[in-house]
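J.: Got a structure here, written out as structure tokens. Questions coming.
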Amino acid sequence: MRQLKFKPKSRIREFVGEKLISVNAYAALIVTLLIFIFVFKEAIPIFTDSIIQEEAAPDKMVFKQQFYEGREAKWSWQPTSDVPKYSLMPLFIGTLKAAIIAMLFAVPLGVGAAIYSSEFAPKRLREIIKPAIEMLAAIPSVVLGFFALMILATFLQNVLGLTFRLNALNAGIALGLAVIPIVFTIAEDAMTSVPRALRDAATALGANTWQVSLTTVLPAAIPGIAAGIVLGFGRAVGETMIVLMASGNAAIVSASFLDSVRTFSATIAAELAEVVFGGTHYTVLFFIGSLLFVFTFLINLTGDFFLVRLKEKMQGRTT
Amino acid sequence: MYNEMSDLSVRVAKTDISSDAAEKLQYKIIVEQLDFFYGDIQALFDISMNIEQNRVTALIGPSGCGKSTFIRTLNRMNETIPGTRMEGKVLLDGCDIYQDFDDPSQIRTRVGMVFQKSNPFPKSVFENVAYGLRVNGIKDRNLIAEVVEESLKRAALWDEVKDKLDNSAFTFSGGQQQRLCIARALAIRPEVILMDEPASALDPISTAKIEDLIGELRQHYTIVIVTHNMQQAARVSDHTAFFYEGKLIEDGPTKEIFTRPKKKKTEDYITGRFG
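Chains as they are written, first to last, in our numbering: chain V, 21 to 339; chain G, -5 to 269.
What follows is the structure, given as structure tokens:
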């Protein structure tokens, strides 16, 4: 019988390979950290530099200010005016309005489509619906923005008889198109991951398809649906190009969803290229960037929390 | 413990059938020429079988022989799997469950089911048992509480959970969870209970409890149980059917199947020559 000669494994090759792979992982981590540090560093003068604080101290950005003598105090974002005004409130309200409309539009559609796709659609149809909706996420946001700017805005103006073509409603709906695939995918995955055994249990107790979905699958998948909504909201707040193109970008404080809005993200995109390096305006824009950074970080953390809950629930570890 | 054939003979004696007329009345379920297909693959071939009322019928056979598929045709659970098709008849008290009912969920309230792996809902003990009542439109709280208690008692679980009805079902042991699933199935007051290897994932003590429970339940219900464990079939059942490769090879009183099988295949299987 011939002998089997096993080749000894190269420890060096494995060592080098392992290190190379880990460098990739660390590189991503380090780049994120560096961006984080850079953005925050540029925003620090808001809290330390007395010249900048004269125009844009934190309280001045939050509360109403009297910019001209004899006029009433108000929130205003006019960073390039003779008297620069750095109230963040108009931008905050604008961001919120666009995001709320996006969510009102995207959540019912996304969750509804997820329920249909996971519970009711025949298998073949499901195999078309899911990639088709997920394809929405692959459309560059500039294309969605262009669509909103040229087609949706005109349509809404004609149907609703609006004075302004570009407004929160228009931007919000376009934003919703970008949010739908996020809500849909995560919610759908959550519902299809509900174990077959649970569906069988409900079916065997005389529940029909509707009851199985509403009383068993949906409650079990709630954390996943919540995660989808939260992450979708993160996208709605952080998304830039769509709102930049479709919102009209007027920093107005109003409760109407038919007024133009200017969001945090669009403000940075529109203004950062034209500011004085290291000036007040520049610093304030970086401060806004930091806010967005912190906000989306918290949102993603919350989303992840819900997904962990979902996983635990599916494995039966919690109630 | 696993070879109590003497005990078996006592139980089997009760099932002796006296006359043809009584025999007809005794049949809770009559299956006629049942064929079943998963897509193009035929899983069951021309099964005809009678299931006696208030008796335990065990389905035995090697893995993949179609016994689980068969049991799931008895409450139309197979319909939830896309691409399946069946031919033949399943009569429940003389009604064709595939023809005479528009809504399969009606059947399932009369023919309950317990699954191989305990599958409680991620809800409280109480809500697990109440589920079947709620989805079938029972709203009276007192009635629900009453039936939940009754069902848990019948499933021999009441004493263990009566102070913990609001606890999550997952906080209990595997055996308790399975008895909870049995209680849940009992709550809708079915006439027939199908059990698909109800103890295969449990330890010997929990298994013994489930088997004792089956012994109790047969007074009130017609029970059909799929089992891999031939000793279990011998211990708990009155009637045994042997399935092999999608065909019903032989069925009869458990005692006869285990002591004087008519077919060579049955004998080979129960003596452990294959399977």
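Each residue gets a CB set at the ideal place from its N, CA and C atoms; glycine is no exception.
1. Restricting to Cα atoms, I'd like to know which of G:Glu239, G:Gln47, G:Ile132 is closest to G:Gln271.
2. Is the CB of V:Gly226 under 8 Å away from at least one CB in chain G?
3. Can you list the residues of chain V that G:Asn69 reaches, using a CB-CB cut of under 8 Å?
4. Using only the alpha-carbon positions, how far apart do G:Ile41 and G:Phe64 sit?
5. Could you tell me the boundaries of the alpha helix (DSSP H) in which G:Thr51 lies?
6. Rounding to the nearest angstrom, what Cα-Cα distance links G:Thr265 and G:Phe252 in this structure?
7. CB-CB under 7 Å to G:Ile45, same chain, minus the five flanking residues each way: which ones, in chain order?
8. Just how far apart, CA to CA, sit G:Asp157 and G:Glu143?
9. Looking at chain V, which residues of the stretch 128 to 145 of chain G have a Cβ within less than 7 Å of any of its Cβ atoms?
10. Is V:His301 helix, strand or coil by DSSP?
11. Helix, strand or coil for G:Asp245? Go by DSSP, reduced to three states.
12. Please state whether the Cβ-Cβ distance between G:Glu81 and G:Asp29 is less than 8 Å.
13. So V:Ala256 and V:Met123 are supposed to be a Cβ contact under 8 Å. How far apart are they, rounded?
14. Tell me which residues share the same chain as V:Leu172 and place their Cβ nearer than 8 Å to its Cβ, disregarding the 5 neighbours each side in the sequence.
15. Across which residues does DSSP place G:Asp90 in a beta bridge pair?
16. Closer than 7 Å by beta-carbon distance: list the chain V residues that pair up with G:Met107, in chain order.
17. Tell me, please, whether the stretch 291 to 309 of chain V touches the stretch 45 to 62 of chain V by the rule of three or more beta-carbon pairs shorter than 8 Å.
18. Name the chain B residues whose beta carbon is nearer than 7 Å to that of V:Leu218?
19. Between the alpha carbons of V:Ser42 and V:Met211, how many angstroms are there, rounded?
20. Buried or exposed: which applies to G:Leu137, given that a residue is buried once 16 or more other Cβ atoms fall within 10 Å of its Cβ?
21. G:Gly55 touches chain V at which residues, Cβ-Cβ below 9 Å?
22. Leaving out five residues before and five after V:Arg185 in sequence, what residues of the same chain have Cβ atoms less than 6 Å from its Cβ?
23. Please list the partners that G:Asp97 has in chain V, where partner means a Cβ-to-Cβ separation under 8 Å.
24. Given this structure, state the Cα-to-Cα distance separating G:Phe272 from G:Arg148, to the nearest angstrom.
25. Just the Cα atoms here: how many angstroms apart are V:Ala119 and V:Pro243?
26. My assumption, with CB atoms under 8 Å, is that G:Ala195 sits in contact with G:Lys111. Please give the rounded CB distance.
27. Within the 8 Å Cβ cut-off, does V:Lys333 reach chain G?
28. Does DSSP put V:Asp209 in a helix, a strand or coil?
29. Measuring straight from C-alpha to C-alpha, what distance separates V:Pro160 and V:Glu291?
30. Use the C-beta contact count for G:Asp160: other C-beta atoms within 10 angstroms, 16 or more gives buried, fewer gives exposed.
31. How big is the Cα-Cα spacing for G:Leu188 and G:Val105?
32. At the level of alpha carbons, what is the spacing between V:Lys143 and V:Tyr136?
33. Just reading off the alpha helix (DSSP H) that G:Glu26 is part of, what are its end residues?
34. Can you tell which of G:Gln172, G:Gly209, G:Asp90, G:Asp87 has the C-alpha that lies nearest to the C-alpha of G:Val123?
35. Closer than 8 Å, Cβ to any Cβ of chain V: which residues of the stretch 60 to 93 of chain G, in chain order?
36. Could you work out which residues of chain V lie near G:Tyr125, taking near to mean beta carbons separated by less than 9 Å?
T.: Straight from the coordinates:
1. Examination of residue 271 of chain G is not possible in this model, given that chain G is present from -5 through 269 alone.
2. Sequence index remark: in the first sequence, residue 226 of chain V carries index 206 (1-based). By the rule that beta-carbons nearer than 8 Å mark a contact, V:Gly226 touches chain G.
3. For the purposes of this step, residue 69 of chain G is taken as residue 75 along the second sequence, with counting starting at 1. Near G:Asn69 (Cβ distances below 8 Å), the residues of chain V are Ala224.
4. Start at 1 with the first residue of the second sequence, and residue 41 of chain G comes out as number 47. Start at 1 with the first residue of the second sequence, and residue 64 of chain G comes out as number 70. Using only the alpha carbons, I get a separation of about 9 Å.
5. Looking up residue 51 of chain G in the second sequence gives position 57. No alpha helix (DSSP H) contains G:Thr51, which is instead part of the beta strand (DSSP E) from 50 to 54.
6. As a working note, residue 265 of chain G is residue 271 in the second sequence. As a working note, residue 252 of chain G is residue 258 in the second sequence. If I take the Cα positions, the gap works out to 9 Å.
7. Residue mapping note: residue 45 of chain G aligns to position 51 of the second sequence, counting from 1. If we look at G:Ile45 and ignore the five residues flanking it on each side, its Cβ neighbours are Tyr21, Lys22, Ile23, Thr51, Thr216, Val218.
8. Working through the second sequence from its first residue, we reach residue 157 of chain G at position 163. Working through the second sequence from its first residue, we reach residue 143 of chain G at position 149. Cα to Cα, G:Asp157 sits roughly 12 Å from G:Glu143.
9. Close to chain V, meaning a Cβ-Cβ distance shorter than 7 Å, are the following residues of the stretch 128 to 145 of chain G: Val129, Asn130.
10. For the purposes of this step, residue 301 of chain V is identified with residue 281 of the first sequence, where counting begins at 1. In this structure, V:His301 counts as helix in the three-state DSSP scheme.
11. By 1-based counting over the second sequence, the position of residue 245 of chain G is 251. Three-state DSSP puts G:Asp245 in a strand.
12. Translated into the one-based positions of the second sequence, residue 81 of chain G becomes position 87. Translated into the one-based positions of the second sequence, residue 29 of chain G becomes position 35. Judged by beta-carbon spacing, G:Asp29 lies within the 8 Å limit of G:Glu81, meaning their Cβ atoms are closer than that value.
13. As a first step, residue 256 of chain V is located in the first sequence; it is residue number 236 there, counting from the start. As a first step, residue 123 of chain V is located in the first sequence; it is residue number 103 there, counting from the start. So it is a contact: roughly 6 Å between Cβ atoms.
14. For the purposes of this step, residue 172 of chain V is taken as residue 152 along the first sequence, with counting starting at 1. Excluding positions up to five away in sequence, the list reads Asn190, Ile193, Ala194, Ala266.
15. The count along the second sequence starts at 1 and reaches residue 90 of chain G at position 96. Paired residues: G:Leu85.
16. Residue 107 of chain G sits at position 113 when you count from the first residue of the second sequence. Chain V residues near G:Met107: Ala224.
17. Enough Cβ pairs lie closer than 8 Å, so yes.
18. Protein chains in the displayed structure are V and G, and chain B is not among them.
19. Translated into the one-based positions of the first sequence, residue 42 of chain V becomes position 22. Translated into the one-based positions of the first sequence, residue 211 of chain V becomes position 191. The alpha-carbon separation between V:Ser42 and V:Met211 amounts to approximately 34 Å.
20. Translated into the one-based positions of the second sequence, residue 137 of chain G becomes position 143. When all chains shown are included, G:Leu137 counts as exposed.
21. In the second sequence, the residue the question calls residue 55 of chain G occupies position 61. By Cβ distance, chain V contributes nothing, its closest Cβ being about 22 Å from G:Gly55, past 9 Å.
22. Mapped onto the first sequence, residue 185 of chain V falls at position 165. So the qualifying residues of the chain are Ala173, Gln177.
23. Taking the first residue of the second sequence as position 1, residue 97 of chain G is located at position 103. Near G:Asp97 (Cβ distances below 8 Å), the residues of chain V are Asn228.
24. This structure does not reach residue 272 of chain G, given that chain G is present from -5 up to 269, and the question cannot be answered.
25. Counting from 1 along the first sequence, the entry for residue 119 of chain V is found at position 99. Counting from 1 along the first sequence, the entry for residue 243 of chain V is found at position 223. When rounded, the separation of the alpha-carbon atoms in V:Ala119 and V:Pro243 is 21 Å.
26. What you label residue 195 of chain G is simply residue 201 of the second sequence in a count that begins at 1. What you label residue 111 of chain G is simply residue 117 of the second sequence in a count that begins at 1. Right, their Cβ atoms sit about 5 Å apart.
27. Stepping through the first sequence from its first residue, residue 333 of chain V is reached at position 313. Closer than 8 Å: yes.
28. Within the first sequence, residue 209 of chain V is the residue found at index 189, counting from 1. Correct three-state label for V:Asp209: helix.
29. Here residue 160 of chain V refers to the residue found at position 140 when the first sequence is read from its first residue. Here residue 291 of chain V refers to the residue found at position 271 when the first sequence is read from its first residue. Cα atoms of V:Pro160 and V:Glu291: separation of roughly 22 Å, rounded to the nearest angstrom.
30. To locate residue 160 of chain G, count along the second sequence from 1; it is residue 166. Classification of G:Asp160: exposed, given that the 10 Å Cβ count is below 16.
31. Sequence index remark: in the second sequence, residue 188 of chain G carries index 194 (1-based). Sequence index remark: in the second sequence, residue 105 of chain G carries index 111 (1-based). Distance between the alpha carbons of G:Leu188 and G:Val105: 7 Å.
32. One-based indexing of the first sequence puts residue 143 of chain V at position 123. One-based indexing of the first sequence puts residue 136 of chain V at position 116. Each residue's Cα considered, the two are about 11 Å apart.
33. In the second sequence, the residue the question calls residue 26 of chain G occupies position 32. G:Glu26: not part of any alpha helix (DSSP H); member of the beta strand (DSSP E) spanning 21 to 32, first to last residue.
34. By one-based count along the second sequence, residue 123 of chain G stands at place 129. Between G:Val123 and the set G:Gln172, G:Gly209, G:Asp90, G:Asp87, the nearest pair of CA atoms involves G:Gln172.
35. Contact residues of the stretch 60 to 93 of chain G toward chain V are Asn69, Met71, Thr74, Pro76 (C-beta to C-beta distance below 8 Å).
36. To locate residue 125 of chain G, count along the second sequence from 1; it is residue 131. G:Tyr125 reaches chain V at Ala221, Ala222, Leu225, Ala227, Thr235, Thr236, counting residues in chain order whose Cβ is nearer than 9 Å.
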